[in-house]
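Peer 1: Listed in order, the protein sequences are those of chains A and B. Just remember that this note's numbering sits 242 ahead of the position in the first sequence, which is counted from 1. Just remember that this note's numbering sits 25 ahead of the position in the second sequence, which is counted from 1. For glycine and all other residues, C-beta sits at the position ideal for the given N, C-alpha and C. Please read through the structure below; I'll follow up with questions.
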Amino acid sequence: MGKKPAEPSRVHSPEISDEDIFAAMKEIPGYLDITPGDFKEVYQLAWRQARERLLRTAQAREIMTREVAWVRIDAPLQEVAALMARRKVSGVPVVDGSERVVGVISEKDFLRSMSSGGITSFMGVVAQCLKDKGCKALGLRQGKAADLMSAPAVTVAADTQVLEIIKLFKEKGINRAPVLDAQGRLIGIVSRGDLLKLDLRLAGGAS
Amino acid sequence: MNYFQKMRGNTKSPPRVGLAEMAWSWLGAFLGILAVALINYKFLDGTAQVMLIGSFGASAVLIYGAIKSPLAQPRNLLGGHVISAIIGVSVYKLFPGALWLAAPLAVATAIAVMHATRTLHPPGGATALIAVIGGTKIHALGYFYVLAPVGLGAAIMLAVALLVNNIPRSRSYPEYWF
């Protein structure tokens, strides 16, 4: 069998062999005027089309995480940090007394407040702590969610398409967006991880 | 893939069809060619008109033997034959004294135009060629060759294909009309 040149940008469909196609063709009565090789090429291109269509049309509600960890606007930062650690998330929506999402608080917000000079990486904060003989995290003890959160929250609707979400993440430089229903209530959250999971599913790598 | 590697091929041949498929292909082809052959030899014997031309044998392979093929659908069968016939007769009339040129010109042009009109039907190439090399009886028909034997003969074979190909549960014809 000859080898086709590798195309770096090609998205591979779930692997299908000439034998699979041959067996399928045998199941169809009548002569099919196509070679297994041509069928395979059609199949792979059709898969790529389908994948792009799904990426364009999939909506937030289909990929969002429903079990959202969230905090009240007056929650002490100590509790916020503990919740994020327990749920192993890097950001949570902040909700006010009338159930509105008013902001998002993330690791980045903590890092920013713990360092001077605009350092927003974990190692940057560690370096600074070691140098200054003291951790600025202690200064956050009295703080509330409202003091640290990024507001207003960048949110999406349940029917926002995935492609829009990707654009939004890129434009705003964010990693997650709370998903709101038509009444503005929090129903889920879409993170970069959710987008990656969709991508893997469409590439056939994981289910 | 380089030039010589391409010549080795890169996939396998499609599977053999079942016995039932062979039997239905045989029956359809027998009845289809029988219909035009009867007209040709029983009704038109002794006249200047013909109804049976060689390219119908090739059409039979497709419309009774490979009925799912796009090449075998009504649009391709009728369109391919009629368009190729027009081209064949025209090319012969342009170069009646240079058959060595008219023959390849008719076939090549027929293929290109069938492609352009999405009516590719391999027997059309033969239909165009027959208009050029078919001898005095064919030449004498002039453009009537397009209507009969070509158009009418193809239509009769199409009617047989519709009647026979839809009898078994496993078969259905056509895939599309136009």
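If you measure from the beta carbon of Gly13(B) to each beta carbon in chain A, is any gap under 9 angstroms?
Peer 2: No answer is possible for residue 13(B): it lies beyond the span of chain B, which begins at 26 and ends at 203.
Peer 1: Tell me the start and end of each unbroken beta strand (DSSP E) in the stretch 317-364 of chain A that is at least 3 residues and wholly inside, in chain order.
Peer 2: Fully enclosed beta strand (DSSP E) runs of 3 or longer: 333-337 and 343-348.
Peer 1: Nearest to Val235(A) by CA position, among Leu437(A), Asp374(A), Val334(A) and Ile305(A), is which residue?
Peer 2: Given that chain A is displayed from residue 243 to residue 449, the structure contains no residue 235(A) and the question cannot be resolved.
Peer 1: Out of Ala141(B), Thr152(B) and Arg143(B), point me to the one whose CA is closest to Ala131(B)'s CA.
Peer 2: Thr152(B)
Peer 1: How would you write the range of the beta strand (DSSP E) that Leu284(B) sits in, first residue to last?
Peer 2: This structure leaves residue 284(B) out entirely; chain B is present only between 26 and 203.
Peer 1: Looking only at its chain, what residues have a beta carbon closer than 8 angstroms to the beta carbon of Gly113(B), apart from the 5 residues adjacent to it on each side?
Peer 2: Ala131, Ala135, Thr152, Ala153, Leu154, Ile155, Ala156, Val157 and Tyr170
Peer 1: Using a Cβ cut-off of 9 angstroms (strictly closer), state whether Lys439(A) contacts chain B.
Peer 2: no
Peer 1: Would you list the residues sitting across from Val398(A) in a DSSP beta bridge?
Peer 2: Looking at the DSSP assignment, Val398(A) forms a beta bridge with Val421(A).
Peer 1: Hey, is Phe264(A)'s beta-carbon within less than 9 angstroms of any beta-carbon in chain B?
Peer 2: yes
Peer 1: Check each residue of the stretch 77-110 of chain B: if its Cβ is closer than 9 angstroms to any Cβ of chain A, include it; give the result in chain order.
Peer 2: Leu87, Gly90, Ala91, Ile92, Lys93, Ser94, Pro95, Leu96 and Ala97
Peer 1: Compare the Cα-Cα distances from Thr299(A) to each of Thr277(A), Thr402(A) and Ser340(A) and report the closest residue.
Peer 2: Thr402(A)
Peer 1: What are the start and end residues of the beta strand (DSSP E) that includes Gly430(A)?
Peer 2: Leu428 to Ser433
Peer 1: Once DSSP output is grouped into helix, strand and coil, what is the label at Thr144(B)?
Peer 2: coil
Peer 1: At a CB distance below 8 angstroms, what residues from the stretch 265-285 of chain A approach chain B? Give them in sequence order.
Peer 2: Met267, Lys268, Pro271, Gly272, Tyr273, Leu274, Asp275, Ile276, Thr277, Pro278, Gly279, Asp280 and Lys282
Peer 1: If we ignore side chains and look at the alpha-carbon of each, how far apart do Phe281(A) and Gly34(B) end up?
Peer 2: 15 angstroms
Peer 1: Please report whether the beta-carbon of Ser115(B) lies at a distance below 9 angstroms from any beta-carbon of chain A.
Peer 2: no
Peer 1: According to DSSP, is Val368(A) part of a helix, a strand, or is it coil?
Peer 2: The answer is helix: DSSP assigns Val368(A) an H, G or I state.
Peer 1: Using DSSP's beta-bridge definition, name the partner residues of Gln301(A).
Peer 2: Its beta-bridge partners are Gln403(A).
Peer 1: Assign Gly244(A) to buried or exposed, taking buried as 16 or more other Cβ atoms, counted over all protein chains shown, within 10 Å of its Cβ.
Peer 2: Its pLDDT being 44, under 50, Gly244(A) is placed unreliably by the model, and the measurement read from it follows with that caveat. With a threshold of 16 other beta carbon atoms within 10 Å, Gly244(A) falls short and is exposed.
Peer 1: Check Arg314(A) in the structure and name its three-state DSSP category.
Peer 2: strand
Peer 1: At least one CB of chain A closer than 9 angstroms to the CB of Thr272(B): is that the case?
Peer 2: This structure gives no information on residue 272(B), because the portion of chain B shown stretches from 26 to 203.
Peer 1: Below 8 angstroms on the Cβ atoms is my contact criterion, and I expect Met267(A) with Pro193(B) to pass it. Report the Cβ-Cβ distance as a whole number of Å.
Peer 2: So it is not a contact: roughly 18 angstroms between Cβ atoms.
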